[in-house]
Amino acid sequence: MARCFDSATSILTASELSSEKRQQTIYNEIRRNVQQLNTGNPVKQNGQKYNRNTQINTTCDISSGYVEVAASYEVLTDVQDGAALCYPTPVITSTPAPSCSNLCANTFEAGFQDTSGENSEAALVFDASANATLQKLETNANKDSFVATLTAGLYAAASAGASFDLGLGADRYRNATFLGSCDTTTYTNPMFVIQYSTNGTNWFSDGIEPDFFSLNATTLQFCFQRSNVPTRYVRPYFVTNVSFNQIQIILTKN
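Positions 5 to 258 (our numbering) are the ones given, in order, by the sequence shown.
(1) Just checking, does the segment 145-156 make contact with the segment 227-235 on the three C-beta pairs under 8 Å criterion?
(2) What is the rounded straight-line gap between the Cα of N45 and the Cα of K25?
(3) Can you look up D187 in the DSSP assignment and give me helix, strand or coil?
(4) Starting from V151, trace the beta strand (DSSP E) both ways and give me its first and last residue.
(5) Determine the DSSP secondary structure at L41, reduced to helix, strand or coil.
(6) Check D169 in the structure and name its three-state DSSP category.
(7) Helix or strand or just coil, what does DSSP make of Q261?
(8) In this structure, does DSSP put S36 in helix, strand or coil?
(9) Below 7 Å CB to CB, which residues in the same chain sit around A161 once its five sequence neighbours on both sides are set aside?
(10) I think G184 touches N249, with their Cβ atoms under 8 Å apart; what is that distance to the nearest whole Å?
(11) Could you tell me the distance, in whole angstroms, from the CA atom of Q225 to the CA atom of G204?
(12) Please work out which residues of its chain come closer than 7 Å, Cβ to Cβ, to I212, disregarding the five sequence neighbours upstream and downstream, and give them in chain order.
So this is what it looks like as structure tokens:
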């Protein structure tokens, strides 16, 4: 039936009314959690978080539907429209904090030159421990490789070459590569493996030898690599007599 008179309120369909009710429910849920629990994402008894698709900064006023992070624009719109429908009063925490926008704006305006104590705006933004961690990541990402040339010539069967220390901690080398070429004029069956040790005394090997590329009738080339070496030390171990034209080791972080 058509309406024959004007209405002061919007005429909504059932679908629109249902959508508005859902938006109000979403916003009110977040608002009550902030007021009562000082967080928009309280943890349930099963360990899951309420409203995981939104993140609220509880030091800011959310009465306008302010959301710091949302899973999608649809979720963001639901919270903001729900706030507009509820006509809420400002929602703040019990401990007032500086305005988020003012704190950041003032700090950037000052060019991070405010160093007037541990409670200054610059001090609140700067985190010494986080900066040290970032510096450590930068150092590790750009760690120079280590290259050493071993003495060429004959290495006897059942003997080991020089050992190399990959280091300790987060800054240690993780990859080891042996490369070079063998002279097979006399010793026609070169065979060696990589050995590993945690203490430089007890050595172990996986028994895998390198694949050789035949450069000519008397020269075999190789590039023998292991990634993510779990031990501190590595060294070559010669299973048979091996005559090297040249041999190098390269240690890298990445």
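For each residue, glycine too, the CB sits at the ideal point set by N, CA and C.
Predicted model only: the values in this text are computed from it and were never measured.
In terms of the structure at hand:
(1) no
(2) What you label residue 45 is simply residue 41 of the sequence shown in a count that begins at 1. What you label residue 25 is simply residue 21 of the sequence shown in a count that begins at 1. Those two C-alpha atoms are separated by around 21 Å.
(3) What you label residue 187 is simply residue 183 of the sequence shown in a count that begins at 1. In the structure shown, D187 sits in a strand (DSSP, three-state: E or B).
(4) Within the sequence shown, the letter at position 147 stands for residue 151. Element bounds for V151: F150 to L154.
(5) Locating residue 41 in the sequence shown gives position 37, counting from the first residue. It is helical.
(6) In the sequence shown, the residue the question calls residue 169 occupies position 165. It is a strand residue.
(7) The first residue shown for the chain is 5 and the last is 258, placing residue 261 beyond what the model contains.
(8) Walking along the sequence shown from the start, residue 36 turns up at place 32. Note that residue 36 is Arg in the sequence shown here, rather than Ser. Residue state, collapsed to three classes: helix.
(9) Taking the sequence shown and counting its residues from 1, the one referred to as residue 161 is at position 157. Closer than 7 Å at Cβ, skipping near neighbours: F242, V243, T244 and N245.
(10) Here residue 184 refers to the residue found at position 180 when the sequence shown is read from its first residue. Here residue 249 refers to the residue found at position 245 when the sequence shown is read from its first residue. So it is a contact: roughly 7 Å between Cβ atoms.
(11) As a working note, residue 225 is residue 221 in the sequence shown. As a working note, residue 204 is residue 200 in the sequence shown. Each residue's Cα considered, the two are about 28 Å apart.
(12) Here residue 212 refers to the residue found at position 208 of the sequence shown. Only V197 meet the Cβ criterion.
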